[in-house]
Amino acid sequence: MTDESMEELATEAWLYGYPLVTAAMTKRSMAAVPARDDARRKAPVNQFCYMRSTPDASFTEVVSPNADTLYSSAWLDLSDQPLVLTLPEFGDRFWMVPILDAWSDVCAVVGRRENGPSAGPFLIAGPSWSGAEPSGLTLLKSPTNVNWIIARYATSGPSDFPSVNRLQDDTRLIPLSEWTGDPGDYSPTSPYPPTPIPRRRPSTRSTLSAAASTSLCSTR
Numbered sequence: 453m454t455d456e457s458m459e460e461l462a463t464e465a466w467l468y469g470y471p472l473v474t475a476a477m478t479k480r481s482m483a484a485v486p487a488r489d490d491a492r493r494k495a496p497v498n499q500f501c502y503m504r505s506t507p508d509a510s511f512t513e514v515v516s517p518n519a520d521t522l523y524s525s526a527w528l529d530l531s532d533q534p535l536v537l538t539l540p541e542f543g544d545r546f547w548m549v550p551i552l553d554a555w556s557d558v559c560a561v562v563g564r565r566e567n568g569p570s571a572g573p574f575l576i577a578g579p580s581w582s583g584a585e586p587s588g589l590t591l592l593k594s595p596t597n598v599n600w601i602i603a604r605y606a607t608s609g610p611s612d613f614p615s616v617n618r619l620q621d622d623t624r625l626i627p628l629s630e631w632t633g634d635p636g637d638y639s640p641t642s643p644y645p646p647t648p649i650p651r652r653r654p655s656t657r658s659t660l661s662a663a664a665s666t667s668l669c670s671t672r
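The numbering of the sequence shown is our numbering, which starts it at 453 and goes up by one.
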């Protein structure tokens, strides 16, 4: 293999793997808590955290958040089983719930433009799941086991926050094995211990090795 071919192959490998590493590190940072912490915008894997007010200058998770939108965020691990996403009645409010795969591509999105004032419940499944789809659930299939949901709710300002907060509370994730048909039957608990955050910035090599060793970003 020529030096030019090796350089081209290395570039392709980097472009393929870097988004997975970025997703893994972002997930590690935002899910490193034993319980939901809305103030810090963190929650364990497979649980939502709810941003109760519009972002200020301290918000650094993503660039350029909207100033007229409240968010609900959840990192998913679908390697064990699918999750049921339940949503409230939104009335005339604009809303959307995009689901990003491990490459940060939107693999599914539901919202007012497509669904109107209400939608769901939905079954979010990973690439290897092949079980029977329960009656009453709409299947959303992801090409990766790691996913990021960033639900968005339009708001007219602080006086409107309590109304949106109630909609956030009714935006829920429930493991399929615990789904009874009633979202109120489930209280979220974390099956995962919080992931420690490295005190020092890891090298690119160690980061890539760590990401490659985990099955969470598997597309199988």
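Beta carbons: idealized from backbone N, C-alpha and C, even for Gly.
Quantities reported herein were computed from a predicted structural model and do not represent experimental measurements.
Helix, strand or coil for residue i per DSSP?
{"i": "threonine 590", "result": "strand"}
{"i": "alanine 577", "result": "strand"}
{"i": "asparagine 599", "result": "strand"}
{"i": "alanine 465", "result": "helix"}
{"i": "glutamate 456", "result": "helix"}
{"i": "glutamate 585", "result": "coil"}
{"i": "arginine 565", "result": "helix"}
{"i": "proline 648", "result": "Note on proline 648: pLDDT 48, under 50, position unreliable in the model; no value is reported."}
Contact defined as beta carbons within less than 8 Å: I believe residue i pairs with residue j. What is the distance between those atoms, to the nearest angstrom?
{"i": "asparagine 597", "j": "glycine 578", "result": "4 Å"}
{"i": "threonine 681", "j": "arginine 604", "result": "A query on residue 681 cannot be resolved here, the shown segment of the chain reaching from 453 to 672 and no further."}
{"i": "isoleucine 601", "j": "alanine 491", "result": "Actually they are not in contact, since the Cβ atoms of isoleucine 601 and alanine 491 sit about 20 Å apart, beyond 8 Å."}
{"i": "leucine 552", "j": "leucine 575", "result": "About 17 Å; that fails the 8 Å criterion."}
{"i": "phenylalanine 542", "j": "leucine 592", "result": "Phenylalanine 542 to leucine 592, Cβ: 18 Å. No contact."}
{"i": "proline 573", "j": "valine 536", "result": "5 Å"}
{"i": "tryptophan 555", "j": "proline 635", "result": "Not quite, the Cβ-Cβ distance comes to about 30 Å (not below 8 Å), so this is no contact."}
Tell me residue i's beta-bridge partners as DSSP assigns them.
{"i": "alanine 571", "result": "Alanine 571 pairs with nothing; no bridge assigned."}
{"i": "arginine 604", "result": "Tyr523, Met548"}
{"i": "alanine 408", "result": "Absent from the model: residue 408. The displayed extent of the chain is 453 to 672, so no value can be given."}
>> Just to confirm the assignment: which complete beta strand (DSSP E) runs, minimum length 3, are found wholly within the region 524 to 558?
In response: 535 to 538, 547 to 552
> Can you give, in chain order, each stretch of the beta strand (DSSP E) that sits fully within the region 608 to 646 and has at least 3 residues?
Replying inline: 624 to 627
> Which parts of the region 469 to 522 are runs of the alpha helix (DSSP H), unbroken and 4 residues or longer, counting only runs that do not cross its ends?
Replying inline: none
> Do the region 625 to 643 and the region 553 to 561 make contact, defined as three or more Cβ pairs closer than 8 Å?
Replying inline: no
>> Does the region 470 to 488 come into contact with the region 564 to 576, if we say contact requires no fewer than three beta-carbon pairs (one atom in each stretch) closer than 8 Å?
In response: no
> Is the region 496 to 503 touching the region 623 to 636, taking contact as three or more C-beta pairs under 8 Å?
Replying inline: yes
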